[in-house]
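Protein chains in written order, with the numbering used here: chain A, 1 to 291; chain B, 1 to 291.
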DNA sequence: TACAACGATAAAACAACCTTATCATTTTAT
DNA sequence: ATAAAATGATAAGGTTGTTTTATCGTTGTA
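Okay, here's the thing in structure tokens:
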């Protein structure tokens, strides 16, 4: 029904007009003159109306004059699209949605993102933070491109690439007997007022698991948790990266036995692929954090 | 530099998404499935980034999701252009600039244009009127598409197609001795107060040419001319078509010897071609006026 | 009058596109 | 669980389009 216009012949027409002739245009386009002649003839037949006057010179017909600005417009739109897509592919534009557990978001991401935008100044990044469970569900649902988290549970849909290990330790106030210790054995914690938090389940499956049962508090909010620790109400366990160093009165003492670690890494969808921008972010993170 | 996107593969991508698979899309497009596979692969290679996920189903990558609405937009613009141009070629849109001598403009054009727009309801027509000289210069300069006029002078750039002959006659008031006569000989006009007008030069080159020398007035404006005739100040010569029939007191008497005619016809540029709309008008005029 | 430049054309080389036939996977139905 | 059906990918071959080389006819110019 509608004739299918190819972009290239339209370009030829523009060049012929701009350069003032078939020969000049052919030179400019790195084509031979007959190529243009035939392309124009093809286009004219397709439209059912001549674009150039037949006699001698390369002069537009009234119909050709009508076509010219419209051809130019379509070409401009084509080129804009083409350029836009290439820009995306070349990671010179685009945006990345990320999610990270709070410790990573607050301790690792600031420097990482700052470095990232120096390499990719035109990429936009959004960072959400939440529990490991929340992060993996965001990635799974495709609501973010990438997640930085500890492995929550094996999910067939998700691909987890380990990047760093983060050892669990005890956090207590600076006047607690543990403060200043180099390391601790889990048995020393028995009888202590242990406050559980979101990371406590990392102890599950270890000898120290027994400690969780004797704990009276579970506090998920980090601000509340630190307030209780500062108040001397109890102690807790945290991965080192989650230890809030900005609190002067709190101390972190590594748990030597059992040596428990969480594995922080990059979470991405397994069956889906990443946007070019997210690919850049992925490569950058692996380069920066994994060595 | 920029990859050249062809419209058709973009259409394929849309169809694959809309129909939910390569096979369904192929059926819908009257192509085979490998044709789509290969076209998509070509497009992906050109852009340097996959559009569909590799595994199994026809699912868009994030990049493909980004592309989709943009592909659709370019296709819509292509189709709009294509449809627009076809509409022009098929004379279902467009506009025609015309010029005619006043007699034609006022006596022939109203009915003609009225008939024309019944056949081509979406074409727009502009009609200018002026002297034969003016008309031919408008056509020559390309400021109008077509002219309806008497042949002014042979112009290599213009093509004149005769359509009708228009006999010269004498115009006088109803109480003039000539009124009521069937025909007149030029010699009878000698001694009469003859008012020349824009059409008087039609007598040049005939025996009656001598009359022009004895004329004291030249009036180009038709309203002024008729006012003078109605006032009985003199008589004039006019082609029959230019004779203002709406003046009850004026009479037209054909000039029998010499029998002078002007030839009215269609003027168009010779080396330039006409817009599709103007072509329709040309054909229509020849059909209506030339028989 | 001859020359140079222009666009049109014919034939052959080349590239793009589409089809047929077939494969490896995955999904659906029994 | 297994067979059947459907999915997209791939290879080879044919058709169609596009480009080039070579040449022609015309037009404008020296």
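Quick reminder that beta carbons are idealized off the backbone N, C-alpha and C, glycines included.
Quick one: measure Cβ to Cβ for residue i and residue j, integer angstroms, because I've assumed they're closer than 8 Å.
i: residue 206(B); j: residue 242(B); result: In fact, because the Cβ distance is near 17 Å, the residues do not count as touching under 8 Å.
i: residue 269(A); j: residue 273(B); result: About 59 Å separates the two Cβ atoms, so there is no contact after all.
i: residue 116(B); j: residue 252(B); result: Actually they are not in contact, since the Cβ atoms of residue 116(B) and residue 252(B) sit about 28 Å apart, beyond 8 Å.
i: residue 140(A); j: residue 158(A); result: 6 Å
i: residue 28(B); j: residue 15(B); result: 6 Å
i: residue 98(A); j: residue 145(A); result: 7 Å
i: residue 250(B); j: residue 173(B); result: 6 Å
i: residue 47(B); j: residue 89(A); result: 6 Å
i: residue 214(A); j: residue 194(A); result: 7 Å
i: residue 263(B); j: residue 162(B); result: 5 Å
i: residue 179(A); j: residue 260(A); result: 20 Å between Cβ atoms; not a contact.
i: residue 218(B); j: residue 201(B); result: Actually they are not in contact, since the Cβ atoms of residue 218(B) and residue 201(B) sit about 10 Å apart, beyond 8 Å.
Can residue i and residue j be called in contact, C-beta distance under 8 Å?
i: residue 267(A); j: residue 147(A); result: yes
i: residue 166(B); j: residue 152(B); result: no
i: residue 170(A); j: residue 223(A); result: no
i: residue 75(B); j: residue 10(B); result: yes
i: residue 70(B); j: residue 81(A); result: yes
i: residue 26(B); j: residue 39(B); result: no
i: residue 347(B); j: residue 73(A); result: Limits of chain B in this structure are 1 at one end and 291 at the other, which puts residue 347(B) out of reach.
i: residue 17(A); j: residue 60(A); result: yes
i: residue 112(A); j: residue 128(A); result: no
Judging by CA-CA distance, which residue of the options is the nearest neighbour of residue i?
i: residue 255(A); options: 203(A), 245(A), 57(A); result: 203(A)
i: residue 105(A); options: 130(A), 218(A), 287(A), 81(A); result: 130(A)
i: residue 245(A); options: 230(A), 191(A), 196(A); result: 230(A)
i: residue 44(A); options: 12(A), 98(A), 277(A), 23(A); result: 12(A)
i: residue 64(B); options: 86(A), 53(A), 54(A); result: 86(A)
i: residue 187(B); options: 212(B), 176(B), 197(B); result: 212(B)
i: residue 216(A); options: 233(A), 84(A), 149(A), 226(A); result: 233(A)
i: residue 258(A); options: 189(A), 138(A), 163(A), 52(A); result: 189(A)
i: residue 168(A); options: 185(A), 276(A), 277(A); result: 185(A)
i: residue 150(B); options: 143(B), 142(B), 164(B), 138(B); result: 164(B)
i: residue 160(A); options: 271(A), 41(A), 248(A); result: 271(A)
i: residue 101(B); options: 121(B), 136(B), 118(B); result: 136(B)
i: residue 66(B); options: 79(B), 52(B), 78(B); result: 52(B)
i: residue 210(A); options: 226(A), 225(A), 191(A); result: 191(A)
i: residue 240(A); options: 33(A), 37(A), 291(A), 108(A); result: 108(A)
i: residue 287(A); options: 265(A), 276(A), 275(A); result: 265(A)
i: residue 248(A); options: 175(A), 78(A), 37(A), 96(A); result: 175(A)
i: residue 275(A); options: 23(A), 96(A), 37(A), 54(A); result: 96(A)
What's the call for residue i, buried or exposed, on a 16-neighbour Cβ count within 10 Å?
i: residue 20(B); result: exposed
i: residue 279(B); result: buried
i: residue 58(A); result: buried
i: residue 91(B); result: buried
i: residue 62(B); result: buried
i: residue 103(A); result: buried
i: residue 142(B); result: exposed
i: residue 226(A); result: buried
i: residue 114(A); result: exposed
i: residue 110(B); result: exposed
i: residue 119(B); result: exposed
i: residue 177(A); result: exposed
i: residue 277(B); result: buried
i: residue 220(B); result: exposed
Using DSSP's beta-bridge definition, name the partner residues of residue i.
i: residue 253(B); result: 170(B)
i: residue 126(B); result: 97(B)
i: residue 194(B); result: 235(B)
i: residue 160(A); result: 267(A)
i: residue 218(B); result: 196(B)
i: residue 294(A); result: In this structure chain A extends from 1 to 291, so residue 294(A) is not present and cannot be described.
i: residue 261(A); result: 167(A)
i: residue 185(B); result: 257(B)
i: residue 149(B); result: 265(B)
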